[in-house]
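Working notes, structure below.
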Amino acid sequence: MGRFLLDGRNPQPYKDAVERFEKLDIGEINLDCWKAVLYTVKAQSAFDHERTLITRTADNLAKRLIVEPSFEDFSHPID
């Protein structure tokens, strides 16, 4: 799906990308699983998951990378 939407040489509108995605050879995937994937894609709920993932990732990175110094850090003499 991403290949159709993000192809810089031939970007597809979302509706066209979904239509092409539906026609892909799905191989040996379970039919019920494929239907669930198509339901998610057509409902555009993947974008909601994307926003959640990006927000959580950014928040976790900020917590780990941005550390407020404490005054205890300055109590030791510098050698």
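According to the working numbering, the residues represented by the sequence shown are 1 to 79, in order.
Beta carbons are placed, not taken as given, at the ideal position from N, Cα and C, and that holds for glycine.
Exposed or buried, residue i, counting other C-beta atoms within 10 Å across all chains shown (16 or more means buried)?
i	result
Phe-21	buried
Ala-17	buried
Under DSSP, the alpha helix (DSSP H) around residue i begins and ends at which residues?
i	result
Leu-31	31-42
Asp-16	14-22
Check the Cβ-Cβ distances between residue i and every residue of chain D, and say whether any is below 9 Å.
i	result
Lys-35	In the displayed structure, chain D is absent; only one protein chain is listed.
Of the choices the options, whose alpha-carbon is the least far from that of residue i?
i	options	result
Glu-19	Asp-59, Thr-57 and Lys-42	Lys-42
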